[in-house]
Amino acid sequence: MIRAFALLLGLAIAGCASQAADRLTQRPKTQALPRVVSINPCVDAVLMQVASPGQIAAISHYSQDPHATSIPLDQARRFAATSGTAEEVVARAPDIVIAGAHVAPATIAALQRMNIKLIQIGVPESIAESRGQIRTIAAAVRQPRRGEALVARIDVAVRAASAQPGSAPAALIWQGGGLVPGEGTLASELLRRTGFRNMSADYGLKRWDVLPLEHLVVRPPEVLLSVGAEDRSDRMLGHPVLAGLKQTIAVRRYPERLLHCGGPTIIDAVGHLATIRRAL
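The sequence shown maps to residues -20 to -1, 1 to 260 in mature numbering (1 follows the signal peptide of the UniProt record, and there is no 0).
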């Protein structure tokens, strides 16, 4: 049965590959700008800023999910989307596929057979690393000037969100289940840039670590940023223990879409943090 499934998958990919090859051969030779498929929502956000719409053959299906997107839904729905399978990606006949750090082996093999370039972009751990990723993506789609323009907008936003010298309130970004971004993460740098001190190290936490609720209660930060979706109630903010903490510390919402991506998401993230910091 496994061999039969493998044969069917191979035939499906072969069929998609044949159609994709036909599209590639039919494409005008004068077309200079490459077509790209993104299978990563963070990459989608960068592509929206640096690529021409006609270059984007497809984006990640996550970008069309209200709870996972890093771009406006109305913008995401203008484009085709894939779930990242080999058949779907090859069928879009891209010149380039841009993905996250982890890609299914079947997809990699299919792209290699079709001689389609694969670029993998990991989760950035700093603003500097995000700048480099933007430039990599912009160069891949042959739009370097747009990449530099996006980098410049990010730098302007970070400077505008910077706090005046002085005391830095101890803050903690805390997800459901207690997951906390520690030192060495992009989130930690954004806290520092906007005038906070990431308190994760006080608990002995690593880059991404878990802080149990009871430890948080015994030694709370001055500002707790509870991660949750923007369009639904945050279950953790309604926890009775956190309700009690609200009497002594500042508890604020931190949209989940701002936590994991770099690129243009940084602009929204530093703006959100600066608003919280200035209101304390």
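Note that the Cβ used here is the ideal one computed from N, Cα and C, for glycine as well.
Task: Residue range of the unbroken alpha helix (DSSP H) whose run includes Q55 - done: L53 to A56
Task: Whole-angstrom distance between L159 and G208, CA atom to CA atom - done: 12 Å
Open item on the list: My parser needs the beta strand (DSSP E) runs of 3 or more residues fully inside the region 196 to 251; what are they?
Closed with: 203 to 208 and 230 to 235
Open item on the list: Closest to A150 by C-alpha separation, out of A167, G157 and L171, would be which residue?
Closed with: L171
Task: For Q155, the nearest candidate out of G64, R133, T228 and R237 (CA to CA) - done: Taking only the C-alpha atoms, the option nearest Q155 is R237.
Open item on the list: Using a Cβ distance threshold of 8 Å, determine whether the region 12 to 22 contacts the region 58 to 73, with at least three qualifying pairs required.
Closed with: Touching, yes.
Task: Pairwise C-alpha distance: Y42 and I51 - done: 10 Å
TODO: Under 8 Å Cβ to Cβ from P192, same chain only, skipping five residues before and after it: list those, please.
DONE: G158
Open item on the list: Short of 7 Å in beta carbon distance, which residues of its chain neighbour S63, apart from the five on each side in sequence? Order them along the chain.
Closed with: H41
Open item on the list: Quick check: is the beta carbon of A120 nearer than 7 Å to any beta carbon in chain D?
Closed with: Among the chains in the structure shown there is no chain D, since it carries only a single protein chain.
Task: Given A86 as reference, the closest of R177, T65 and I101 once Cα atoms are compared - done: T65
TODO: Output the distance between the C-alpha atoms of T245 and A25, rounded to the nearest integer angstrom.
DONE: 8 Å
Open item on the list: Three or more C-beta pairs under 8 Å: does that hold for the region 122 to 136 against the region 28 to 39?
Closed with: yes
Task: Nearest neighbour of A167, chosen from K226, P200 and I247 [CA to CA] - done: Measuring from the Cα of A167, the nearest candidate turns out to be I247.
TODO: Return the bridge partner residues of V17 from the DSSP annotation.
DONE: A38 and V77
Open item on the list: What residue range does the beta strand (DSSP E) around Q113 cover?
Closed with: Run containing Q113: none in the beta strand (DSSP E); it sits in the alpha helix (DSSP H), I107 to A120.
Open item on the list: On the DSSP bridge list, what partners appear for R177?
Closed with: A150
- [ ] Go ahead and pull the three-state DSSP assignment for Q100.
- [x] Correct three-state label for Q100: strand.
Task: Presumed contact (8 Å Cβ cut-off) between G175 and A148, rounded CB distance - done: 6 Å
Task: Test item: CB-CB of A120 and G102 under 7 Å - done: With a cutoff of 7 Å on beta-carbon distance, A120 and G102 are scored as not near each other.
- [ ] Could you tell me which residues DSSP puts in a beta bridge with P161?
- [x] W188
TODO: Pull up the distance between the alpha-carbon of K97 and that of I76, whole angstroms please.
DONE: 5 Å
TODO: Please confirm whether E194 and I229 have their CB atoms less than 7 Å apart.
DONE: Not a contact, by the Cβ cut-off of 7 Å.
Task: For A61, three-class secondary structure by DSSP - done: Reduced to three states, the DSSP call for A61 is strand.
- [ ] Along the alpha helix (DSSP H) that carries R126, what are the first and last residues, could you check?
- [x] Looking at the DSSP string, the run of the alpha helix (DSSP H) that includes R126 is P124 to A141.
- [ ] In angstroms with no decimal places, state the Cα-to-Cα distance between P161 and W188.
- [x] Going from the Cα of P161 to the Cα of W188 covers about 5 Å.
Task: A38 versus A108 - alpha carbon distance - done: 27 Å
Task: CB of I134 within 7 Å of CB of Y234, strictly - done: Contact: no.
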